[in-house]
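Engineer: The structure follows.
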Amino acid sequence: MTLVDLPNVPILLNETFISALWDTAAEKSFTSEEIYRRYVSYRPRQKTNDRVVTAQGAPYCHLGRVELQIRIREFQKTWEFHILSNMQYQCILDIDFMKSKLTLDFDKKSLIIPDDQIKQLPKVEKPV
């Protein structure tokens with residue numbers, strides 16, 4: 001098993017280290033326009049008519065959707081992210097992402113990833 005601190009967790013999003021926020025109330029995962037433009041704009045985004053609002057009802061400028069590779073330590077998965085402008089966080093992971101047989105322990109502020117959820121990554125030899 002692998003432990004990860006909560007609520008913010010360092011992740012690899014398409015091989016770029018960023019900080020993600022676990023949000024148990026979010027129904028979708030989001031990445032900021034800044035992260036999209038800086039690191040993954042080469043990936044075409046799917047334009048949509050989706051409407052995104054905050055918990056307080058304020059609308060967000062929705063720029064589209066994109067599928068990205070996400071990795072948290074040894075756990076790896078392709079996931080759909082909605083691109084939003086003026087986001088406070090670099091990335092927000094939603095409740096559905098957390099249903100990936102991962103266990104959240106809010107008392108210990110940790111995420112437990114079962115071994116059977118870990119995709120074996122190829123070992124890379126580091127030059128000396």
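The UniProt record's numbering puts the sequence shown at residues 1 to 128.
Each residue gets a CB set at the ideal place from its N, CA and C atoms; glycine is no exception.
In the structure shown, what three-state DSSP assignment does TYR36 receive?
Structural biologist: helix
Engineer: In terms of alpha-carbon separation, which member of TYR60, GLY57 and HIS82 lies closest to VAL66?
Structural biologist: HIS82
Engineer: Exposed or buried, what is ASP23 when buried is set at 16 or more other beta-carbons lying within 10 Å of its beta-carbon?
Structural biologist: By the neighbour-count rule (16 or more Cβ atoms within 10 Å), ASP23 is buried.
Engineer: Between the C-alpha atoms of LEU3 and LEU63, what's the straight-line distance to the nearest angstrom?
Structural biologist: Because the pLDDT at LEU3 is just 48, under 50, the model does not fix this residue reliably, and the point stays unresolved.
Engineer: What number of angstroms, rounded off, separates the C-alpha of ALA20 from the C-alpha of SER32?
Structural biologist: Approximately 11 Å, taken between the alpha carbons.
Engineer: Could I get the ranges of all uninterrupted beta strand (DSSP E) runs contained in the segment 69-93, with 3 residues as the minimum, in chain order?
Structural biologist: Qualifying beta strand (DSSP E) stretches, in chain order: 75-84 and 91-93.
Engineer: Going by the beta-carbon positions, is the gap between PHE30 and LEU84 smaller than 7 Å?
Structural biologist: yes
Engineer: Under 7 Å, do ILE35 and ILE72 count as touching if we go by C-beta distance?
Structural biologist: no
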